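>
Residue numbers (the numbering used here): 1 to 477.
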């Protein structure tokens with residue numbers, strides 16, 4: 001049962017620090033999720049392990065200590081690092097008590113430890129921190145008809161000291177009753193619920209008390225059409241509900257990150273937009289024989305969904321360029337998004353292949369975060385290539401600037417992710433970087449930062465961008 005850190009076969013999992021989170025919250029989250037894993041915890045030269053099987057703490061070791069004594073000893077550590085590893089079979093459990101009892105007892109022991117601090121330390125805290133204000137925590141309301149899912153999500157979010165779960169609601173009707181009283185900064189919203197489902201609740205939220213909404217859904221085959229409808233109704237983003245597997249800590253980190261990003265949205269700027277299908281005779285049908293000499297890169301992140309739709313559905317025939325749009329969406333969502341946009345855009349819409357020749361009047365969609373580079377593979381037509389992260393080169397902005405120069409335009413939309421060096425390379429090569437005014441963005445932070453850094457050359461209303469692009473990249477020139 002001893003620790004074997006030299007065993008490379010066990011060096012899998014996810015690492016983190018205990019400086020800003022509580023180990024008790026991580027264990028609570030794992031127990032509620034019914035997860036199986038080993039948590040290796042380190043503080044200085046000390047190291048211990050906690051073994052969780054199917055949501056129960058069965059064994060712990062810390063130096064010569066074993067069982068409950070080791071478990072409580074580890075949980076008293078105020079700071080350190082941890083990593084989650086594959087669970088090992090426990091033939092002879094050293095801990096018999098249930099998880100909730102262990103956590104309650106650990107909390108009592110930690111309180112006793114903190115109460116033993118010297119009066120001098122307490123005095124220093126009182127005088128030294130008197131002029132500092134504690135940062136305001138993000139207030140989150142969870143809406144889900146599953147009580148256990150509410151508990152799991154609450155535990156996941158409370159791991160972050162900057163988040164406060166102010167309430168949970170069992171359906172949309174219950175959420176609307178609580179909304180005005182609690183005034184949350186963000187709502188996590190389930191899709192399918194009794195009494196009032198998520199779609200109906202979202203409509204009421206956007207009308208009565210607009211608030212950033214993050215959709216929490218089981219992202220299985222067939223769910224993305226529903227997610228698309230929620231985005232069209234004003235949801236800021238979506239993320240998968242947590243599932244019971246060894247990546248539970250990674251899932252927690254992702255959910256917390258998406259909560260913080262979505263909470264930055266100013267939903268008062270949301271304007272519902274539902275483009276209609278265009279007549280077949282207005283649809284362009286490029287045959288692939290016209291390699292793109294001009295390129296438009298659209299960078300969009302959290303909150304930028306409707307801005308992207310508004311831009312792509314307005315692209316005119318007079319625009320003589322290929323378009324690559326980086327969107328904040330998992331790869332499995334792209335077919336649904338392509339299916340929605342294709343009949344509503346004059347350009348042909350498709351997913352970006354691993355090695356894609358760029359052709360005029362085509363728009364290629366790719367998830368944000370995929371490493372891409374552009375070059376002229378055969379000297380005749382530009383290619384976008386997808387790389388593994390370890391093999392990625394200078395990034396799509398720098399390589400597009402090198403390949404297209406002044407024939408490149410880059411558009412930053414809400415929540416866009418970019419490298420400042422890449423934007424600088426575009427400008428240096430003669431390309432153009434534009435964005436909407438921050439006042440038009442649902443999430444304006446990234447756009448504001450680029451403007452402040454002098455990396456945006458002009459701000460243009462989203463509804464005017466297609467015209468601007470056609471004048472800068474005219475067809476047939």
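The beta-carbon is built from N, C-alpha and C at its ideal position, and this holds for glycine as well. Here the structure is a predicted model, which is why all the values come from computation and not from measurement.
1) For residue 475, which residues from the same chain have a beta carbon less than 6 angstroms from its beta carbon, with the 5 sequence-adjacent residues on both sides left out?
2) Give me the residue from 97, 375, 23 with the minimum Cα distance to residue 73.
3) Taking residue 167 as part of the beta strand (DSSP E), name the residues at either end of that continuous run.
4) Counting along the chain, where does the alpha helix (DSSP H) carrying residue 289 start and finish?
5) Output the distance between the C-alpha atoms of residue 68 and residue 151, rounded to the nearest integer angstrom.
6) In the DSSP output, what is residue 62 paired with across the bridge?
7) Rounded to a whole number of angstroms, what is the C-alpha to C-alpha distance between residue 410 and residue 103?
8) Within the same chain, show all residues whose beta-carbon is closer than 6 angstroms to that of residue 196, passing over the 5 residues directly before and after it, in chain order.
9) In chain order, what residues of the same chain have a beta carbon less than 6 angstroms from the beta carbon of residue 331, not counting five sequence neighbours either side?
10) So for residue 348, helix, strand or coil by DSSP?
11) Mapping the DSSP letters down to three states, classify residue 95 as helix, strand or coil.
12) May I ask you to check if the CB of residue 178 is nearer than 8 angstroms to at least one heavy atom of the ligand ATP?
13) Should residue 362 be labelled buried (16 or more other beta-carbon atoms within 10 Å of its own) or exposed?
14) Please return the same chain residues whose Cβ sits closer than 6 angstroms to the Cβ of residue 414, not counting the five positions on each side in sequence.
15) Please report the straight-line C-alpha distance between residue 194 and residue 223, rounded to a whole angstrom.
16) Could you name the residues of the same chain whose beta carbon sits closer than 6 angstroms to that of residue 179, not counting the 5 residues immediately before and after it, in chain order?
17) Sorted by chain position, which residues of the same chain lie with C-beta nearer than 8 angstroms to residue 95's C-beta, five sequence neighbours on each side aside?
18) Grouping DSSP H, G and I as helix and E and B as strand, with all else coil, what is residue 214?
19) Measure the alpha-carbon distance for residue 258 versus residue 188 and round it to whole angstroms.
20) Between residue 35 and residue 48, is the Cβ-Cβ spacing less than 9 angstroms?
21) Just reading off the beta strand (DSSP E) that residue 386 is part of, what are its end residues?
22) Okay, do the stretch 242 to 255 and the stretch 263 to 277 touch, 3+ Cβ pairs below 8 angstroms being the bar?
23) So, residue 419 versus residue 397, is the Cβ gap smaller than 9 angstroms?
24) Between which residues of its own chain and residue 186 is the CB-CB distance below 8 angstroms, once the five residues before and five after are set aside?
25) How would you write the range of the alpha helix (DSSP H) that residue 340 sits in, first residue to last?
26) Taking the straight line between their C-alpha atoms, what separation do you get for residue 370 and residue 327?
27) Straight-line CA distance for residue 11 to residue 97?
28) So, with DSSP's three-state summary, where would you put residue 356?
29) Taking the straight line between their C-alpha atoms, what separation do you get for residue 162 and residue 256?
30) Would you tell me roughly how many angstroms separate the C-alpha atoms of residue 118 and residue 111, rounded to the nearest one?
31) Within 10 angstroms of the Cβ of residue 272, are there 16 or more other Cβ atoms? Answer buried if so, exposed if not.
32) Where do the N-terminal and C-terminal ends of the alpha helix (DSSP H) with residue 321 fall, by residue?
33) Which of the three DSSP states, helix, strand or coil, is assigned to residue 30?
34) Return the Cβ separation of residue 29 and residue 85 in integer angstroms, given the expectation that the two are a contact with Cβ distance under 8 angstroms.
35) Could you tell me whether the Cβ of residue 475 comes closer than 9 angstroms to any Cβ of chain C?
36) Look at the alpha carbon of residue 133 and the alpha carbon of residue 403, and state the distance between them as a whole number of angstroms.
On the basis of the data shown:
1) Result list for residue 475: 318, 320, in chain order.
2) Ranked by Cα distance from residue 73, the first of 97, 375, 23 is 23.
3) Its beta strand (DSSP E) spans residues 163 to 169.
4) No alpha helix (DSSP H) contains residue 289, which DSSP labels as neither H nor E.
5) If you draw a straight line from the Cα of residue 68 to the Cα of residue 151, it comes to about 25 angstroms.
6) 48, 65, per the DSSP bridge assignment.
7) C-alpha separation (whole angstroms): 52 angstroms.
8) If we look at residue 196 and ignore the five residues flanking it on each side, its Cβ neighbours are 171, 172, 173.
9) If we look at residue 331 and ignore the five residues flanking it on each side, its Cβ neighbours are 367.
10) Three-state DSSP puts residue 348 in a strand.
11) Judged by DSSP in its simplified three-state form, residue 95 adopts coil rather than helix or strand.
12) Among the ligands in the structure shown, none appear at all, so the ligand ATP cannot be discussed.
13) So residue 362 counts as buried.
14) For residue 414, where only same-chain residues beyond five positions count, the Cβ hits under 6 angstroms are 303, 304, 307, 441, 442, 443.
15) Straight-line measurement puts the Cα of residue 223 at about 18 angstroms from the Cα of residue 194.
16) Within the same chain, residue 179 has close Cβ partners 209.
17) Once the five neighbours on either side are set aside, the close Cβ partners of residue 95 are 57, 58, 59, 60, 67, 68, 71, 102.
18) Per DSSP, reduced to three states, the secondary structure at residue 214 is strand.
19) Each residue's Cα considered, the two are about 10 angstroms apart.
20) Result no, Cβ atoms of residue 35 and residue 48 do not sit closer than 9 angstroms.
21) First-last of the beta strand (DSSP E) with residue 386: 382 to 386.
22) These segments do not touch.
23) Contact annotation: residue 419 and residue 397 have beta-carbon atoms nearer than 9 angstroms.
24) Annotation for residue 186: 138, 139, 140, 141, 211, 212, 213, 214, 259, 262, 263 place their beta carbon closer than 8 angstroms to its own, counting only its chain and skipping 5 residues before and after.
25) Counting along the chain, the alpha helix (DSSP H) containing residue 340 begins and ends at 334 to 341.
26) When the Cα atoms are used, residue 370 and residue 327 turn out to be separated by approximately 10 angstroms.
27) Low confidence applies to residue 11: its pLDDT is 45, below 50, so where it sits in the model is not reliable, and the reading given next is rough at best. Roughly 29 angstroms between the two C-alpha positions.
28) Residue 356 falls in the strand class under three-state DSSP.
29) So the two alpha carbons sit approximately 10 angstroms from each other.
30) Confidence is the limiting factor: at residue 118 the pLDDT is only 47, short of 50, which leaves the residue's position unreliable and the question unanswerable from this model.
31) Classification of residue 272: exposed, given that the 10 Å Cβ count is below 16.
32) For residue 321, there is no enclosing alpha helix (DSSP H), as DSSP gives it neither H nor E.
33) In the structure shown, residue 30 sits in a helix (DSSP, three-state: H, G or I).
34) That belief does not hold up - the Cβ atoms of residue 29 and residue 85 are roughly 16 angstroms apart, past 8 angstroms.
35) Chain labels in this structure do not include chain C; a single protein chain is all it has.
36) Because residue 133 sits at a pLDDT of 45, beneath the cut-off of 50, its placement in the model cannot be relied upon, and the following sentence gives the value as read from the coordinates. If you draw a straight line from the Cα of residue 133 to the Cα of residue 403, it is about 50 angstroms long.
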